[in-house]
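Visitor: My questions will all concern the structure given below.
There are 2 protein chains.
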Amino acid sequence: MSRPLIKLADIPTAAPEGVKEKHIKEETEDLVDRLGDLQQRLYADGKHSLLVVLQGMDGSGKDGAAHKVFDKCRITGLTYHAFKKPTEEEFAHDFLWRVHKVVPAKGMIGIFNRSHYEDILIQRVHGWIDEERVRRRMAAINAFEETLEFDNNTLVFKFYMHISHDEQEKQLKERMQEPDKYWKHNPGDWEERKLWDKYMDAYEYAINHSSIPWHICPVDDRWWRDYFIAKTLVERLEKLNLEMPELAGR
Amino acid sequence: MSRPLIKLADIPTAAPEGVKEKHIKEETEDLVDRLGDLQQRLYADGKHSLLVVLQGMDGSGKDGAAHKVFDKCRITGLTYHAFKKPTEEEFAHDFLWRVHKVVPAKGMIGIFNRSHYEDILIQRVHGWIDEERVRRRMAAINAFEETLEFDNNTLVFKFYMHISHDEQEKQLKERMQEPDKYWKHNPGDWEERKLWDKYMDAYEYAINHSSIPWHICPVDDRWWRDYFIAKTLVERLEKLNLEMPELAGR
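These protein sequences, in sequence, are chains A and B.
One point on numbering: in the working numbering, the residue at position 134 of the first sequence is 127, and numbering is uninterrupted.
One point on numbering: in the working numbering, the residue at position 94 of the second sequence is 87, and numbering is uninterrupted.
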């Protein structure tokens, strides 16, 4: 691949210097509205689909981004899947099986909270799969995503939710301190945090070996995260020039 | 690919000279029994799966082969899917979506009557897709089948049901003459028959561009067809040396 290699440590995790939170939040409101409008056109037009992969460390705000950015989208045209530890039935199939089943149909927006990338992230970091399998799975992922693109007009957007080591600590601690967030607390997250450097390496591998490029989304400032994702999606969807269809059979 | 190119016209559609039908039928009975036994081991062992694709022209005996060869297999470990014209929901996804959903889990035998290859056969012959899409779908098929193999230990067996032009005519006529077969008659089959040469070209392309090799099964003599498929599967499965598992927790 001829793209410059991405080194996550060189990319900021916070909002750019000088941008004004209040102004960005106003712009985000507008973008979220426009995304809702674009979704209706996408649905009515029925020729494309949109797959949004939110992938990142614990506490990187994947849920929150999904709530906020798609707030004005209608549930009739939206699917949301959070991929957890595979079930017994899922383990009895290839790693893409459970993912392929739930990709968005034409006209739909599909949001993935985690994704098929877990199979070369958590599984690699813990040494559950060998490097040959990582390589083959990466090739399979590329072929799979390309098939969605060329054979179903799926726009594949992958956001790496780029959080700093310090901000993760803060987020995980909040889950133990704020009663509203207790339900999110999982002691296992602290165990995974110990493997931070290995995770960064595994993410960099996935990002740099993907044929469909990733968007590196700084998430330490949640208001910037929402703006970044909404803007990225809206700008691309507006390029499709989707029109509401004419009345049929008139 | 370094395999010699297959030219279907050079390959016989009938049983080899000199083989005795009665003897072959006896051997087939034995093979079908052994396949039933092997299926139980495959199921109990739960580490591999078997995907059997039966692909061929109308009247080439795909149904019949499925009935006969898997007669001693238990339905608990067997799935069977006949792929028809895609539904509206299927058309709203990439061509592999409906196929991937129903691939066999570990321990299972999955039989496909027609398959994902239809998307570069009937669709190509009728000019519903362009050659660029054929090329890309072929690459996607190879990546898909390879993923089943390396990531789910799936043995992928693809049988091209090789029928002669004359034998097809005989088979289609029988459907109009024998009351027991009326239900199989479809006037559309005669229309497709007019495209015979185009179909042969499309099959040769698929067979010669597949990374997992095809088995060319002569089907004009149905007793040879059953023997050919059963023998191919049994010989491969026996090489797995599947044992019934020991009692766990003893």
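Just so it is clear, CB atoms sit at the ideal spot from N, CA and C, and this is done for glycine as well.
Only a predicted model underlies this, so the values are computations on that prediction, with no experimental measurement involved.
Does the beta-carbon of residue 60 (chain A) have 16 or more other beta-carbons within 10 angstroms, so that it is buried, or is it exposed?
Guide: Flag for residue 60 (chain A) reads exposed.
Visitor: Contact criterion: CB-CB distance below 9 Å. Does residue 96 (chain A) meet it with respect to chain B?
Guide: Yes - at least one Cβ of chain B is within 9 Å of the one on residue 96 (chain A).
Visitor: Please tell me whether residue -1 (chain B) and residue 135 (chain B) are closer than 9 Å, where the distance is taken between their beta carbons.
Guide: No, they are not a contact pair.
Visitor: Taking the alpha carbon of residue -4 (chain A) as the reference point, which residue from A:213, A:241 and A:205 has its own alpha carbon closest?
Guide: With distances taken between Cα atoms, residue -4 (chain A) lies closest to A:205.
Visitor: Buried or exposed for residue 211 (chain B), please, with buried defined as at least 16 other CB atoms from any protein chain shown within 10 angstroms of its CB.
Guide: Buried.
Visitor: Does residue 104 (chain B) pass the burial test, meaning 16 or more other C-beta atoms within 10 Å, or should it be called exposed?
Guide: Classification of residue 104 (chain B): buried, given that the 10 Å Cβ count is 16 or more.
Visitor: Please list the segments of the beta strand (DSSP E) lying wholly inside the stretch 101 to 185 of chain B, counting only runs of 3 or more residues, in order along the chain.
Guide: With a minimum length of 3 residues, the continuous beta strand (DSSP E) runs that stay inside the stretch 101 to 185 of chain B are 102 to 106 and 147 to 155.
Visitor: Kindly confirm or deny that the stretch 61 to 68 of chain A and the stretch 23 to 34 of chain A touch, where touching means at least three C-beta pairs closer than 8 Å.
Guide: Segments in contact, yes.
Visitor: Looking at the unbroken alpha helix (DSSP H) that takes in residue 96 (chain A), where does it start and where does it end?
Guide: Note, residue 96 (chain A): premise wrong, no alpha helix (DSSP H); not H, not E.
Visitor: Determine contact between the stretch 228 to 235 of chain A and the stretch 34 to 51 of chain A, defined as no fewer than three beta-carbon pairs at a distance below 8 Å.
Guide: A contact exists between the stretch 228 to 235 of chain A and the stretch 34 to 51 of chain A.
Visitor: Beta-carbon separation of residue 198 (chain A) and residue 153 (chain A) under 9 Å?
Guide: Their beta carbons are not under 9 Å apart, which means residue 198 (chain A) does not touch residue 153 (chain A) by this criterion.
Visitor: Run down chain A in chain order and give the residues with a C-beta less than 9 Å from the C-beta of residue 151 (chain B).
Guide: Those do not exist, as residue 151 (chain B) stays about 17 Å from chain A at its closest Cβ, beyond 9 Å.
Visitor: For the stretch 105 to 127 of chain A, which residues have a CB atom closer than 8 Å to at least one CB atom of chain D, in sequence order?
Guide: Absence of chain D from the displayed structure is noted, the protein chains being A and B.
Visitor: Mark residue 80 (chain B) as exposed unless 16 or more other C-beta atoms lie within 10 angstroms of its C-beta, in which case mark it buried.
Guide: By the neighbour-count rule (16 or more Cβ atoms within 10 Å), residue 80 (chain B) is not buried but exposed.
Visitor: In chain order, what residues of the stretch 126 to 149 of chain B put their CB closer than 8 Å to some CB of chain A?
Guide: Cβ contacts with chain A: 126, 129, 130, 132, 133, 136, 137, 139, 140, 141, 143, 144, 145 and 147.
Visitor: Say whether chain A places a C-beta atom closer than 9 Å to the C-beta of residue 70 (chain B).
Guide: With 9 Å as the cut-off, residue 70 (chain B) does not count as an interface residue toward chain A.
Visitor: Closer than 8 Å is the cut-off here; do at least three beta carbon pairs connect the stretch 107 to 122 of chain B with the stretch 7 to 15 of chain B?
Guide: The stretch 107 to 122 of chain B is not in contact with the stretch 7 to 15 of chain B.
Visitor: Output the distance between the C-alpha atoms of residue 234 (chain A) and residue 213 (chain A), rounded to the nearest integer angstrom.
Guide: Roughly 33 Å separates the two Cα atoms.
Visitor: What residue from B:208, B:73, B:226 and B:124 has the CA that sits closest to residue 25 (chain B)'s CA?
Guide: It is B:226 whose Cα lies nearest to the Cα of residue 25 (chain B).
Visitor: With a threshold of 8 Å, establish whether the CB of residue 137 (chain B) neighbours any heavy atom of the ligand FMN.
Guide: Only the bare structure without any ligand can be found here, which leaves the ligand FMN out of the picture.
Visitor: If you measure beta-carbon to beta-carbon, which residues of the stretch 78 to 89 of chain A are closer than 9 Å to chain B?
Guide: Correct list: 82, 84, 85, 86, 87, 88 and 89.
Visitor: Can you look up residue 205 (chain A) in the DSSP assignment and give me helix, strand or coil?
Guide: Reduced to three states, the DSSP call for residue 205 (chain A) is coil.
Visitor: I'd like the list of long-range same chain contacts for residue 189 (chain B), defined as Cβ closer than 7 Å, with 5 residues on each side in sequence excluded.
Guide: Answer for residue 189 (chain B): 158, listed in chain order.
Visitor: Return the bridge partner residues of residue 73 (chain A) from the DSSP annotation.
Guide: Bridge partners of residue 73 (chain A): A:104.
Visitor: Could one say the Cβ of residue 103 (chain B) lies closer than 9 Å to chain A's Cβ atoms, at least one of them?
Guide: Closer than 9 Å: no.
Visitor: Could you name the residues of chain A that residue 99 (chain B) contacts, counting a contact when the two beta carbons are closer than 9 Å?
Guide: Residues of chain A passing the Cβ test: 84, 85 and 86.
Visitor: Start and end of the beta strand (DSSP E) containing residue 43 (chain B)?
Guide: Where residue 43 (chain B) is concerned, the enclosing beta strand (DSSP E) stretches over 42 to 49.
Visitor: Could you tell me the distance, in whole angstroms, from the CA atom of residue 131 (chain A) to the CA atom of residue 207 (chain B)?
Guide: Those two C-alpha atoms are separated by around 26 Å.
Visitor: If we ignore side chains and look at the alpha-carbon of each, how far apart do residue 51 (chain A) and residue 88 (chain A) end up?
Guide: For residue 51 (chain A) and residue 88 (chain A), the distance between alpha carbons rounds to 21 Å.
Visitor: Can you grab the Cα-Cα spacing for the pair residue 222 (chain B) / residue 77 (chain B), in whole Å?
Guide: Those two C-alpha atoms are separated by around 23 Å.
Visitor: For residue 202 (chain B), would you say it is in contact with chain A, using Cβ-to-Cβ distances shorter than 9 Å as the test?
Guide: Not an interface residue.
Visitor: Considering Cα atoms alone, identify which of A:144, A:185 and A:242 is closest to residue 83 (chain B).
Guide: That would be A:144, whose Cα lies nearest to the Cα of residue 83 (chain B).
Visitor: Exposed or buried, residue 97 (chain B), counting other C-beta atoms within 10 Å across all chains shown (16 or more means buried)?
Guide: Flag for residue 97 (chain B) reads buried.
Visitor: Check whether the Cβ atoms of residue 41 (chain B) and residue 146 (chain B) lie closer than 9 Å to each other.
Guide: It is a contact, given that the beta carbons lie within the stated cut-off.
Visitor: With respect to the alpha helix (DSSP H) encompassing residue 34 (chain B), which residues constitute its N-terminal and C-terminal limits?
Guide: Run containing residue 34 (chain B): 14 to 38, per the alpha helix (DSSP H) assignment.
Visitor: Can you tell me the Cα-Cα spacing of residue 165 (chain B) and residue 141 (chain A), whole angstroms?
Guide: Going from the Cα of residue 165 (chain B) to the Cα of residue 141 (chain A) covers about 38 Å.
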